[in-house]
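S.K.: Numbering (my numbering), first residue to last: 32 to 250.
Let me begin by handing over the structure; questions about it come next.
Here it is in structure tokens:
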């Protein structure tokens with residue numbers, strides 16, 4: 032069994048990803064985690080802002096005036112009003128018999144139940160339980176961060192050096208420690224940015240009003 036995750040292929044509407052997947056394997060098991068489009072867009076914007084100092088205003092970001100340069104590729108964010116609902120419906124139509132749609136709110140509130148749904152969907156033996164489930168936030172968009180440090184750690188050359196010098200378990204331990212320390216400041220950061228975040232969330236909710244209505248049954 033091979034499992035892959037690809038957010039960017041979903042975001043770039045110019046790529047016919049659902050159709051390509053269906054042409055490659057119409058029996059592929061698809062898992063979509065559907066989040067409120069406004070909350071998702073704001074979270075993605077904040078996430079990108081942790082490492083890219085050239086990210087534009089949120090309004091420009093929503094209107095398609097931003098392209099992320101990742102691994103020397105230009106990846107445009109161009110999900111206009113209606114595009115998110117259309118993308119989800121494309122997957123649902125093509126993979127009607129082999130798609131699992133999870134509510135993001137349920138995944139965050141009941142992670143063990145979500146993992147068991149995934150195991151069942153993939154035909155896997157039950158593995159996760161209350162003892163081995165990991166629920167710490169990793170690489171969360173609301174963490175405290177240093178743009179310079181994040182940019183260095185995302186550099187392909189630095190990644191190769193770290194992989195060569197540090198054992199995988201060491202890398203995972205350091206990353207977990209970094210995220211836990213960062214998360215300790217996230218509540219203070221979010222309180223400080225509270226009014227601004229509410230304003231941006233309102234902008235995103237109005238922009239994606241159509242998508243929110245179309246996807247209400249999945250959220």
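A virtual CB, placed ideally from N, CA and C, is assigned to each residue, including glycine.
Since we're looking at a predicted model, the values are computed, not measured.
Compute the Euclidean distance between the alpha carbons of residue 137 and residue 147, then round it to the nearest angstrom.
M.R.: Position 106 of the chain shown, counted from the start, is the residue given in the question as residue 137. Position 116 of the chain shown, counted from the start, is the residue given in the question as residue 147. Going from the Cα of residue 137 to the Cα of residue 147 covers about 12 Å.
S.K.: Could you pull out every unbroken alpha helix (DSSP H) segment of at least 4 residues lying fully inside the segment 95–176, listed in chain order?
M.R.: 114–125, 135–140 and 142–153
S.K.: Measure the beta-carbon distance from residue 130 to residue 143 and round it to whole angstroms, keeping in mind my assumption that it falls under 8 Å.
M.R.: Numbered from its first residue, the chain shown carries residue 130 at position 99. Numbered from its first residue, the chain shown carries residue 143 at position 112. No, residue 130 and residue 143 are not in contact; Cβ-Cβ is about 21 Å, not under 8 Å.
S.K.: Take residue 152 and list the residues in its own chain whose beta-carbon comes closer than 8 Å to its own, dropping the five residues that flank it on each side.
M.R.: By 1-based counting over the chain shown, the position of residue 152 is 121. Hits under 8 Å: 60, 62 and 131.
S.K.: Excluding the 5 residues flanking residue 238 on each side, which residues of the same chain have their C-beta closer than 8 Å to its C-beta?
M.R.: Position 207 of the chain shown, counted from the first residue, corresponds to residue 238. Here the set comprises 69, 72, 93 and 112.
S.K.: Can you tell me which of 241, 166 and 44 puts its alpha carbon nearest to the alpha carbon of residue 95?
M.R.: Position 64 of the chain shown, counting from 1, holds the residue named residue 95. With distances taken between Cα atoms, residue 95 lies closest to 44.
S.K.: In angstroms, rounded to a whole number, what distance separates the CA positions of residue 245 and residue 82?
M.R.: Counting from 1 along the chain shown, the entry for residue 245 is found at position 214. Counting from 1 along the chain shown, the entry for residue 82 is found at position 51. Spanning the two alpha carbons is a distance of roughly 32 Å.
S.K.: Please report the distance separating the alpha-carbon of residue 219 from that of residue 232.
M.R.: Here residue 219 is taken as the residue at index 188 of the chain shown, counted from 1. Here residue 232 is taken as the residue at index 201 of the chain shown, counted from 1. Because the pLDDT at residue 219 is just 46, under 50, the model does not fix this residue reliably, and the value given afterwards should be weighed accordingly. For residue 219 and residue 232, the distance between alpha carbons rounds to 19 Å.
S.K.: Answer yes or no: the CB of residue 197 versus the heavy atoms of the ligand PLP, is any distance below 8 Å?
M.R.: Ligands are entirely absent from the displayed structure, and the ligand PLP is therefore not among its contents.
S.K.: Could you tell me the alpha carbon to alpha carbon distance between residue 57 and residue 199, rounded to whole angstroms?
M.R.: Against the chain shown, residue 57 aligns to sequence position 26. Against the chain shown, residue 199 aligns to sequence position 168. So the alpha carbons of these two residues sit roughly 35 Å apart.
S.K.: How far does the alpha helix (DSSP H) with residue 42 in it reach, from first residue to last?
M.R.: Walking along the chain shown from the start, residue 42 turns up at place 11. Unbroken alpha helix (DSSP H) run through residue 42: 38–42.
S.K.: On a Cα-Cα basis, can you pick out the residue from 208, 48 and 202 that is closest to residue 117?
M.R.: Taking the chain shown and counting its residues from 1, one reaches residue 117 at position 86. Per the Cα distances, 48.
S.K.: Should residue 206 be labelled buried (16 or more other beta-carbon atoms within 10 Å of its own) or exposed?
M.R.: Against the chain shown, residue 206 aligns to sequence position 175. With a 10 Å radius around the Cβ and a threshold of 16 neighbouring Cβ atoms, residue 206 comes out exposed.
S.K.: Once DSSP output is grouped into helix, strand and coil, what is the label at residue 86?
M.R.: For this step, residue 86 is matched to residue 55 along the chain shown. Note: residue 86 maps to coil in three-state DSSP.
S.K.: With DSSP as the reference, identify every bridge partner of residue 64, one or two as the case may be.
M.R.: For the purposes of this step, residue 64 is taken as the residue at position 33 of the chain shown. Answer is 133.
S.K.: Does DSSP put residue 239 in a helix, in a strand, or in coil?
M.R.: Start at 1 with the first residue of the chain shown, and residue 239 comes out as number 208. Reduced to three states, the DSSP call for residue 239 is coil.
S.K.: Going by CA-CA distance only, name the one from 110, 119 and 114 that's closest to residue 64.
M.R.: Counting from one through the chain shown, the residue named residue 64 turns up at place 33. Nearest C-alpha to residue 64: 119.
S.K.: With a threshold of 7 Å on Cβ separation, who are the neighbours of residue 145 within its own chain once the five nearest residues in sequence on each side are excluded?
M.R.: By one-based count along the chain shown, residue 145 stands at place 114. These residues qualify, in order along the chain: 133, 137 and 138.
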